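Before any comments, here is the structure.
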Amino acid sequence: MTGLRSGQLAEAAGVNPQTLRYYERRGLLPEPDRTLGGHRVYSPEAVTALRVIKAAQRLGFTLEEIADLLDLGRHRHGSHPQAGLQARATAKLAEIDAKIANLNVIRDTLRAALAAGCDDLTACSHTPSCPIPFSDLAEERTSGDSCCRP
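Throughout the sequence shown, residue numbering follows the working numbering, covering 215 to 364 in sequence.
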């Protein structure tokens with residue numbers, strides 16, 4: 215029987231052997247053949263499958279999304295009502311753009327807090343000039359409290 219054992223496949227794909235079993239349980243990798251001694255033997259195509267899975271993860275796809283994409287790829291010859299890679303990549307790109315926009319707001323707010331000299335979150339929360347957006351949560355604002363440089 216030719217093929218790769220778990221350790222060989224894991225090394226070739228840059229993952230650990232537990233990842234192989236986990237992906238099998240999740241349906242991302244097909245159940246491998248077994249030797250007479252019960253050892254798993256994977257086809258050489260499993261290396262490509264693992265590399266595709268890891269690349270998709272780096273692009274932000276969840277394992278569930280990857281499983282759907284792999285399933286779509288296996289059944290692409292028939293009509294399939296679900297969106298393929300183009301539509302899902304477009305949706306993922308929009309999701310990532312929204313995250314980047316949120317991170318930019320966070321970065322700008324932190325920079326403003328640093329520039330304002332905010333050093334105490336509690337004191338800052340009571341000061342109208344504090345740039346950190348929890349001012350709506352503060353029940354009471356005291357004009358004498360200051361979080362910012364004079």
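Think of the CB as a built atom: it goes at the ideal place given N, C-alpha and C, for glycine as much as any other residue.
Just so you know, these numbers come straight off a predicted model, no measurement behind them.
Alpha-carbon spacing of G228 relative to L317, whole angstroms
Numbered from its first residue, the sequence shown carries residue 228 at position 14. Numbered from its first residue, the sequence shown carries residue 317 at position 103. Answer to the nearest angstrom: the Cα atoms are 30 Å apart.
Residue interval of the alpha helix (DSSP H) (run including T262):
The residue given as residue 262 occupies position 48 in the sequence shown. It spans 259 to 272 - the alpha helix (DSSP H) in which T262 sits, taken as one unbroken run.
Relative to the C-alpha of E309, which candidate in E238, T262, F275 has its C-alpha closest?
Within the sequence shown, the letter at position 95 stands for residue 309. Considering only alpha carbons, the answer is F275.
Taking the C-alpha atoms as reference points, what is the distance between R239 and R302?
Position 25 of the sequence shown, counted from the first residue, corresponds to residue 239. Position 88 of the sequence shown, counted from the first residue, corresponds to residue 302. So the alpha carbons of these two residues sit roughly 24 Å apart.
Output yes or no for whether 9 Å exceeds the beta carbon distance between A329 and C344.
Within the sequence shown, residue 329 is the residue found at index 115, counting from 1. Within the sequence shown, residue 344 is the residue found at index 130, counting from 1. It is not a contact, given that the beta carbons lie outside the stated cut-off.
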